[in-house]
Amino acid sequence: MTTTNSYTGQLGAFLTPHGDTCFRVWSPDATTVDLLIENHTVSMRPIGDGAWEAKLKGDRHGQRYSYRLSPRGETIGSVDPYARAVTANGTHGVVVTQSHPVPRMPAFSEPTDAIIYEAHVRDLSIAPNSGIHNKGRFLGLTERGTHTTAGNPSGLDYILSLGVTHIQLLPIFDFGSVDETGDLSYNAQYNWGYDPMNYNAPEGSYSSNPNDPFTRIDELKHTIRTLHDAGLRVIMDVVYNHVYDTTTSPLERTAPGHYFRMTDDGTFHDGTFCGNETASENPMMRKFIIDSVTHWATEYGLDGFRFDLMGIHDVDTMNAIRTALDAIDPSIIILGEGWNLGNHPPHILPANQRNAAHMPRIAHFNDSLRDTLKGSTFHSNSRGLLTGDHNPKHMWTLFNNIKGAQHLPGLNFTSANHTVNYIEAHDNHTLYDRLHLLLPDAPHDELIRRCQLATTIQYLACGITFIHAGQEFARTKNNTENSYNSPDHINAINYDRAAQHPHSVQLLRDLNHFRNTHTELFPTEYDDINELYEATLVSGDFLTYSVGKQTTVAINFSTQPRSIPTEGCFAVLLDDHMFPTDKQIETNSWTVAPLSVSILQQVS
């Protein structure tokens with residue numbers, strides 16, 4: 001449905017300049033709207049453009065409320081779509097008039113300096129042996145000095161030891177797939193949380209008391225403050241492309257059909273494969289997303305937003321979000337899944353990879369790099385360079401990805417700021433599990449080397465670096481392809497596995513240090529990249545290229561050593577998955593170990 005009227009003013013519950021509480025909801029088809037607050041009913045009045053309002057004397061902070069509306073001849077109840085606090089399982093909104101914003105960190109340098117670590121709140125602490133007291137909760141991310149029962153670092157201290165710049169949390173807004181009042185113990189219930197209910201309130205199952213509407217707010221803010229104090233920025237995974245259940249969604253109950261793309265027969269389009277898709281091109285859906293994102297950025301001090309299925313949205317909305325966040329902090333990162341999905345009206349530009357050039361400061365997950373290395377995610381037998389498909393065409397694709405994802409089919413990027421370079425994320429098999437499935441006869445040590453090779457290549461690519469929690473120690477989910485509702489024993493972070501693969505973890509730390517201390521090797525603008533980067537040898541399983549006149553990179557996908565000619569004296573920056581210190585060579589040949597990368601820098 002295309003919305004014919006829209007309201008530009010403030011919505012939700014808020015204090016007036018005179019200290020009274022105003023309630024506003026947009027319900028353009030309603031004939032009557034009532035405010036139900038603490039067992040009282042108050043008739044609301046229409047104020048134009050589809051909005052309804054009621055003003056109550058005094059500050060109603062902490063009071064529960066909902067709406068009773070009569071759109072389309074039926075009377076229904078609804079939570080306020082703009083509610084910033086909710087009761088357990090999101091059944092009622094709660095008035096929030098007192099603001100205690102999380103202070104912002106200083107502006108971040110450049111998107112391509114970001115090293116993002118993706119994690120699920122519950123995964124990070126729920127394991128029985130994690131040594132973390134607040135298991136499965138926001139506060140589990142605040143504890144310091146924790147160790148597993150085997151004595152290995154866990155939780156926040158472990159993450160900080162890696163040297164990443166941002167932690168990206170899977171959904172932390174109120175979602176509908178976990179019963180907040182049910183059993184939340186180990187293996188009891190689990191979901192990633194891509195099931196939005198109340199977009200502007202935190203999820204209660206991550207709080208110490210889901211029945212107190214303010215506990216989840218206070219604990220999430222404390223967690224973000226703690227992460228900021230430790231130097232770690234926070235990215236929120238947001239899911240504005242669909243709702244968990246349209247029959248219970250406040251968006252649909254207050255304004256049926258206006259927030260969603262509908263078919264001609266009045267049913268929901270389903271480009272998300274989740275039962276519905278939102279219509280960001282409609283003014284009120286666009287307003288809702290912008291209002292929601294800016295609420296999280298200002299009140300919770302967030303440093304970035306990852307848009308799930310961003311291709312469902314439209315270019316104009318994403319650019320409007322960018323503009324709104326720029327007014328708060330231009331260094332807030334926006335990244336998203338620019339997949340080609342959705343049922344957009346013909347005149348609308350989808351916010352997908354093909355239209356990236358129209359969104360110059362919004363990054364996209366780069367599936368080209370992922371699939372070139374691993375094989376197609378959506379074909380179980382597909383292979384890539386890592387798994388034995390040594391086609392020279394793949395190597396050229398890899399080199400174009402290393403140069404910031406240039407000249408790639410379907411990716412209309414204009415700078416390295418556009419590309420999020422990743423090999424593994426919460427979706428689909430972990431890298432280790434994928435390799436194990438495709439190479440079942442390969443020894444464990446060889447699979448680890450292949451994981452190390454993939455991660456190293458990812459770090460060598462110009463753009464934003466993205467790591468899935470546990471990728472650094474070859475995380476396994478026991479071959480579970482999509483663990484969105486799998487038990488904790490599948491999803492929980494096994495910190496002891498990090499201790500079992502210390503060289504892999506140290507490699508990630510060294511790669512983070514390398515990116516931070518050699519920024520001159522990773523320009524952002526394509527002109528600068530193309531001036532520096534030149535391929536010198538491209539074959540099916542071996543690639544060498546130069547970065548400027550002094551640096552040589554050699555990538556060996558073969559299980560046999562390979563040699564490259566050298567001249568003069570070189571410093572060895574990377575050799576066989578290790579960063580040696582003060583190692584220099586003067587020889588006419590250098591051997592690149594199997595399944596590894598060498599980086600040499602001329603010193604004379």
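So the sequence shown is numbered by the UniProt record's numbering: it starts at 1 and just counts up by one.
Glycine included, each C-beta is placed from N, C-alpha and C at the ideal position.
Output yes or no for whether 9 Å exceeds the beta carbon distance between L595 and S558. For L595 and S558, yes; Cβs fall inside 9 Å.
C-beta atoms of I289 and I235 nearer than 9 Å: Going by C-beta atoms, I289 is not nearer than 9 Å to I235.
Can you tell me whether S125 is buried or exposed? The criterion is at least 16 other CB atoms within 10 Å of its CB, across all chains shown. Buried, since its Cβ has 16 or more Cβ neighbours within 10 Å.
Pull up the DSSP beta-bridge partners for L35, would you. Within the DSSP bridge table, the entry for L35 names V42, Y67 as partners.
I believe Y259 touches N282 by the beta-carbon criterion, under 8 Å. Please report the beta-carbon distance rounded to the nearest angstrom. Going by Cβ atoms, the distance from Y259 to N282 rounds to 7 Å, so yes, they are a contact pair.
Cα-Cα separation, P128 to L341: Going by the C-alpha atoms only, they are around 40 Å apart.
Name the one or two DSSP bridge partners that E525 has. Per DSSP, S415.
Could you pull the start and end residues of the beta strand (DSSP E) that M236 belongs to? If you look at M236, you'll find it in the beta strand (DSSP E) that goes 233-238.
At 3 residues or longer, and completely inside the stretch 564-593: list those beta strand (DSSP E) runs for me, N to C. Those beta strand (DSSP E) runs which fall completely within the stretch 564-593 and span 3+ residues are 569-574, 584-586, 589-592.
Is it the case that the stretch 503-510 contacts the stretch 585-593, given that we only count it when at least three CB pairs across the two stretches are under 8 Å? Output reads no: the stretch 503-510 does not touch the stretch 585-593.
Let's test the definition: count the other Cβ atoms within 10 Å of the Cβ of R45 and tell me whether it reaches 16, buried, or not, exposed. R45 comes out exposed.
Contact between the stretch 476-484 and the stretch 128-143 (3+ Cβ pairs under 8 Å): Flag = no, the stretch 476-484 and the stretch 128-143 do not touch.
Can you give me the Cβ contacts of N355 inside the same chain, cut-off strictly under 6 Å, excluding the 5 residues immediately before and after it? Only V315, L349 meet the Cβ criterion.
Close Cβ partners of T414 (< 8 Å) along its chain, the five nearest in sequence each way excluded: Around T414: A356, A357, P360, Y526.
DSSP state of residue 634, grouped into three classes? There is simply no residue 634 to check, as the chain begins at 1 and stops at 604 in what is shown.
Assign P103 to one of two classes, buried (16 or more other C-beta atoms within 10 Å of its C-beta) or exposed (fewer than that). By the 10 Å Cβ count, P103 comes out exposed.
Verify whether the separation of the beta carbon atoms of D488 and Y186 is less than 9 Å. Less than 9 Å divides the Cβ of D488 from the Cβ of Y186.
Per DSSP, what are the beta-bridge partners of G93 in this structure? DSSP, once it has assigned bridges, lists Y65, V86 as partnering G93.
Counting only the same chain and skipping the five closest in sequence on each side, list residues whose C-beta sits under 6 Å from that of L543. Cβ-Cβ distances below 6 Å link L543 to M395, I555 in the same chain, with the five nearest sequence neighbours on each side left out; the list follows chain order.
Any idea what DSSP makes of R434, helix, strand or coil? If DSSP states are grouped into helix, strand and coil, R434 belongs with the helices.
Coarse secondary structure for G336, derived from DSSP in three states: Looking at G336 - three-state DSSP - the assignment turns out to be strand.
Local conformation of G275 per DSSP, three classes: In the structure shown, G275 sits in coil (DSSP, three-state: anything other than H, G, I, E or B).
With H, G and I counted as helix, E and B as strand and the rest as coil, what does DSSP make of N530? Correct three-state label for N530: helix.
Cut-off 6 Å between Cβ atoms - residues of its own chain near Q550, not counting five sequence neighbours on either side: Here the set comprises Q601, Q602.
Which residue wins for smallest C-alpha separation from I224, given the options D195, L139, H518? Ranking the options by Cα distance to I224, first place goes to L139.
Length-filtered (3 minimum) beta strand (DSSP E) runs lying within the stretch 353-391: Within the stretch 353-391, the runs of beta strand (DSSP E) that reach at least 3 residues and sit entirely inside it are, in chain order, 363-365.
First and last residue of the beta strand (DSSP E) that includes F305? Bounds of the beta strand (DSSP E) holding F305 are 304-307.
I need the straight-line Cα distance from R515 to A363, nearest angstrom please. CA-to-CA, the gap between R515 and A363 works out to about 19 Å.
DSSP three-state call for Q506: helix, strand or coil? Looking at Q506 - three-state DSSP - the assignment turns out to be helix.
Rounded to whole angstroms, what's the CA-CA distance from L521 to W192? Just pull it up for me. Each residue's Cα considered, the two are about 36 Å apart.
DSSP three-state label for R322, please. DSSP places R322 within a helical segment (H, G or I) once states are collapsed to three.
Alpha helix (DSSP H) containing G155: first to last residue? Following the DSSP letters along the chain, one finds G155 inside the alpha helix (DSSP H) bounded by residues 155-162.
Thinking N200 and R84 are a contact (beta carbons under 8 Å), I'd like their distance in whole angstroms, please. N200 to R84, Cβ: 5 Å. Contact.
Runs of alpha helix (DSSP H) lying entirely within the stretch 464-503, each at least 4 residues, in chain order: Correct list: 488-491, 495-500.
Could you give the residue range of the beta strand (DSSP E) that holds L453? Premise fails: L453 lies in the alpha helix (DSSP H), 444-460, not in any beta strand (DSSP E).
Length of the line joining the Cα atoms of H344 and D270: In a straight line, the C-alpha of H344 is about 11 Å away from that of D270.
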